[in-house]
Amino acid sequence: MANTPQAKKRIRRNDRRAEINGARVSRIRTFVKQVELALAAGDKDKAKDAIAKVQPELARGVAKGVVHKNTAARKMSRLSKRVAALG
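Following my numbering, the residues of the sequence shown are numbered contiguously, the last one being 289.
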C-alpha cells in the first residue's frame, strides 16, 4: 500500500487514466468490428463508410498513447486491403 501522499495521488491518477484509456481502446475495437461486419456481409459501401470512421479513431489512439503506431498502421492496412478486395 502506498504510504506517501505522492504515491497515493499516483494511484488515483492511474485509476482515472486506466478508465479513460480502456474506453478509448473499446471504442476503437467497436469501430473495427463495424468494418468487419460490413465485410462479412459483403457490403462495400457500408465497409467504406465504416473504414472512414476507423481511421481517425486509430490515429487518435496513437496520439493518446493507447495504441502503438505500427499496430494502428497494420490494422488500417489490413482492413483497407480487405475492403478493396470486395469489389
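Heads up, the beta-carbon is just placed ideally off N, CA and C, and yes, glycines get one too. Just so you know, these numbers come straight off a predicted model, no measurement behind them.
Spatial neighbours of residue i in its chain, beta-carbon cut-off 7 Å, leaving aside the 5 residues before and after
{"i": "Leu260", "result": "Ile230, Val269, Ala274, Lys277, Met278"}
{"i": "Ala249", "result": "Val237, Ala240, Leu241, Val285, Leu288"}
{"i": "Arg226", "result": "Gly263, Lys266, Val268"}
Counted within 10 angstroms of its Cβ, other Cβ atoms place residue i as buried (16 or more) or exposed
{"i": "Gly263", "result": "buried"}
{"i": "Val234", "result": "buried"}
{"i": "Ala252", "result": "buried"}
Residue closest to residue i, alpha-carbon to alpha-carbon, out of the options
{"i": "Gln236", "options": "Ala220, Glu221, Val256", "result": "Val256"}
{"i": "Lys246", "options": "Asn205, Lys283, Ala204, Gln208", "result": "Lys283"}
Endpoints, the alpha helix (DSSP H) within which residue i is located
{"i": "Ala243", "result": "207-243"}
{"i": "Ala287", "result": "271-288"}
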